[in-house]
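First residue of the sequence shown? That's 35 in the numbering used here, and the numbers climb one at a time after it.
Note that CB positions come from ideal geometry on N, CA and C, so glycine has one too.
Quick notes on the structure that follows.
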Amino acid sequence: MFTLKVFQFFSSIKSGLILAVIYLFVIALIVVIWLQTLISPELLLRDVFTLTDVPPYYGLLSNFGIFLWCTTASVSLFSAVILSYKKRERGFSLFFLFFGLISLILMLDDGLLLHESVVPKILENIFSYNTAEMLLPLSYGSAVIYSLLKFRKIILNTNYKFLFLALLFLFFSLVADHLIPLPDGGRYWLRDGENFLIEDGFKLLGIVTWSFYFIQTSLSRIIYLTRHTGANRLK
């Protein structure tokens, strides 16, 4: 009993230190935003819908996709930490770590328009806009392929059909975005604006399926672990 209380005491101190570090980071970030003179602090702190005076439903499905990326990253990284406490679960822990980080990066890409705007502008003096725009998607694709090969044995022991269905949807979205443009910016056999329905429709289906796969796999693995070891031994 005494040992348990000592452990809880030091655990609370550790949690307090972690929270203190997070507070310091947030405060430092706010101070930097306040002191810098390149961008108005209001533009960095206030809600984008308030700043632009547009209805909150603008970009609704795009934001929903970002929320799903965030959910997948959170669940996967949390599962990676939980499973890391069991040596025989190291493979699954690394699996969730890799794909959790990929989901996190894709969330940042969608939220900050990295491959569509930021990176092409940074590299505009080195590559053409179209080439620079494709660099990050190619990097993401390479990371996914590497992870698929690295964890192929683990993936084959899950409902992998959902993962490959997600990748198929995302690939179709990429095709609709890059491989069938017309010189005037339209798309073959599509009326004005319909290309977004095809591209973003496939993308949203891909994100939903991706999120479903990793949440289901995380839940299944943790349930399996608790049933075979006992919840009290996960500490």
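Check whether residue i and residue j have beta carbons under 8 Å apart
i: T251; j: A200; result: no
i: I136; j: V178; result: yes
i: F206; j: F236; result: yes
i: L270; j: I241; result: Since the displayed the chain opens at 35 and closes at 269, residue 270 lies outside it and no answer follows.
i: S181; j: F132; result: yes
i: I188; j: G125; result: yes
i: L95; j: L204; result: no
i: L270; j: L78; result: As shown, the chain starts at 35 and ends at 269. That puts residue 270 outside it, with no answer to give.
Beta-carbon contacts of residue i that lie in its chain and below 6 Å, excluding the five residues immediately before and after
i: G93; result: none
i: T106; result: S137, S245, F248
i: V109; result: I249, S252
i: A54; result: none
i: A197; result: For the record, residue 197 in the displayed sequence is Leu; it is not Ala. Excluding residues within five positions, the ones whose Cβ falls inside 6 Å are Y247.
i: P217; result: At P217, the pLDDT of 46 sits below 50, so the modelled position is not reliable and the matter cannot be decided from this model.
i: I139; result: none
i: I232; result: A210
i: H262; result: none
i: F185; result: F129
i: L157; result: A166
i: A265; result: In this prediction, A265 scores a pLDDT of 47, lower than 50, which makes its location untrustworthy; the coordinate-derived value is nonetheless stated afterwards. For A265, where only same-chain residues beyond five positions count, there are no Cβ hits under 6 Å.
Run of the alpha helix (DSSP H) containing residue i, from where it starts to where it stops
i: E167; result: 163-184
i: D144; result: 124-146
i: L102; result: 94-117
i: T86; result: 82-86
i: P29; result: Any property of residue 29 remains undetermined from this structure, which presents the chain solely from 35 to 269.
i: L79; result: 75-79
Cutoff 7 Å; reference residue i; Cβ partners in own chain excluding five residues on either side
i: C104; result: M141
i: G134; result: A107, S110, L111, A114
i: N159; result: none
i: R80; result: none
Own chain, CB closer than 8 Å to residue i, minus 5 neighbours either side, in chain order
i: W68; result: P75
i: I256; result: S113, I116, L117
i: L170; result: D143, L148, H149, V153
i: E123; result: L117, R255, L259
i: N193; result: Y247, Q250, T251
i: L208; result: P171
i: V66; result: none
i: I52; result: none
i: P89; result: F83
CB contact check: residue i to chain D, cutoff 8 Å
i: T71; result: Of the protein chains in this structure there is only one, and it is not chain D.
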